[in-house]
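Quick note, the sequence shown lines up with residues -28 to -1, 1 to 273 if you use mature numbering (1 follows the signal peptide of the UniProt record, and there is no 0).
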Amino acid sequence: MHVTFYSLLSLLPFITLFTLSFPTSTTSSPPLPPSTLISRSYSSSLSLSTPPLTSWRTRIASRGLTVPNFSSKASSLLTEAEDCYDGMTTSVISSDSKSRRSMKAKLMNYLTEEVTELFEMQVEQVVSDVTEGFKSDMLKNFRVDKKTGKEIEGKEEGTTILRRWMEEFDKRTEGLEVQSLGLLKISHQQALSNSLSTILGNFSTSAPAQLKVMSTIKASASKPKPPSERGIVPTFHLVSMIRPDGFGNLQGFAGYTAKNGNTATVGVCNDADSPEVLNMFGGMRPPILRVQGKVNLDIDL
């Protein structure tokens, strides 16, 4: 037969009643006054609930973990504490029912507040973990063009990442709700969805994303360029001038530059009979075609 710690504790009120209600073989004690019995019943019921509450609080606050099957455990704790109190105060139902009800309300209100606080702590922890995980995945998925620093499409859609982390929230909060106390996750779920949607919409301008942009551009700019090959690269430049008969009333130029840097320029000017041109050539007519070449050498050491 499987006996749990809680099942043993549930026997406490009956053991206490048995001890308090029956005299020993050698002495006989008068029954406890109702106020004393009620006070002791309150303390015993509270003592029954304190160990698990303390253990849960330590697990949540110190380790950042949730309590497995918190819903059923919290419901059982409340039920067992109530049964303990009711069982120990059965004898004063008629004699001091008002005090009995008042102390019971005090006990159950305290335990309800404790369970509610533990529920909120766990949900807040899950919300924090999910939010940080979502931001981390968004940053990993955020891609930047190394040359322009502009955002480019990531491996996943942002909505896909959001949906995955909302499913993680549902998974981790499963078993936390305490229906009898109205402790539900729906309001936290909606608030988290709105928060993650806002982060998604503004992520490209957020501080982590902008820092990644700057880091990417800086890394690309500081990356050493491969050394160029040593050598001599020549480029040729050809200039020609055509000078037919005339006095310079017609002139024009045309040029061409090749992809390798070579150029050719041709000019036409009908100034062969112009006095200025004749003087330049010592009274002789200039040649009708004059070609002049130039070579540039680009030396890379």
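C-beta atoms are modelled at their ideal positions from N, C-alpha and C, and glycine is treated no differently.
*Residue(s) in a DSSP beta bridge with residue 212*: 238 and 263
*Exposure of residue 256, with buried meaning 16 or more beta-carbon neighbours within 10 Å*: exposed
*Would you mind sorting residue 228 into buried or exposed? The rule is 16 or more other CB atoms within 10 Å of its CB.*
exposed
*Applying the criterion that 16 or more other CB atoms from any shown protein chain within 10 Å of the CB defines a buried residue, is residue 186 buried or exposed?*
exposed
*Opening and closing residue of the alpha helix (DSSP H) in which residue 5 lies*: That residue, residue 5, is in no alpha helix (DSSP H); it is neither H nor E in DSSP.
*Spatially closest choice to residue 24 from 211, 48 and 35, by CA coordinates*: 48
*For residue 17 versus residue 57, is the C-beta spacing smaller than 8 Å?*
yes
*Environment of residue 205 [buried if 16+ CB atoms lie within 10 Å]*: exposed
*What's the C-alpha gap between residue 167 and residue 78?*
38 Å
*Give the C-beta separation of residue 54 and residue 102 to the nearest angstrom, bearing in mind that I take them to be a contact with Cβ-Cβ under 8 Å.*
The Cβ separation is near 35 Å, so there is no contact.
*asked:* If you measure between the beta carbons of residue 71 and residue 10, is that distance less than 8 Å?
replied: yes
*Return the CA-CA distance between residue 214 and residue 266, expressed in angstroms with no decimal places.*
18 Å
*Would DSSP call residue 173 helix, strand or coil?*
helix
*Going by DSSP, what residues sit across from residue 124 in a beta bridge?*
115
*asked:* Please state the DSSP three-state secondary structure of residue 156.
replied: coil
_Beta-bridge partners of residue 57, as assigned by DSSP_ = Bridge partners of residue 57: none, in fact.
_Continuous alpha helix (DSSP H) stretch holding residue 130: start and end_ = 130 to 144
*Where does residue 189 sit, in a helix, a strand or coil, going by DSSP?*
helix
*Can you tell me which of the three DSSP states residue 84 falls into?*
helix
_Beta-carbon within less than 8 Å of residue 116's beta-carbon, same chain only, minus the 5 sequence neighbours each way: which residues are those?_
122, 123, 124, 184, 185, 188 and 189
*Verify whether the separation of the beta carbon atoms of residue 134 and residue 164 is less than 8 Å.*
no
*Could you check the C-alpha separation between residue 64 and residue 5 for me, to the nearest Å?*
9 Å
*Going by alpha carbons, who is nearest to residue 170 out of 51, 233, 110 and 232?*
110
*Comparing alpha-carbon positions, which option in 108, 93 and 217 lies nearest residue 157?*
93
*Is it true that the CB of residue 153 sits closer than 8 Å to the CB of residue 84?*
yes
*asked:* Please classify residue 146 as buried or exposed, where buried requires at least 16 neighbouring CB atoms within 10 angstroms.
replied: exposed
*Which whole-angstrom value describes the C-beta separation of residue 210 and residue 181, a residue pair presumed to lie in contact below a C-beta threshold of 8 Å?*
Contact doesn't hold; Cβ gap of about 55 Å is too wide.
*Determine which residues share a DSSP beta bridge with residue 150 and list them.*
155
*Secondary structure at residue 247, three-state DSSP: helix, strand or coil?*
helix
*asked:* Among 113, 68, 67 and 52, whose alpha-carbon lies nearest the alpha-carbon of residue 132?
replied: 113
*CA-to-CA distance, residue 28 to residue 87, given in whole angstroms*: 10 Å
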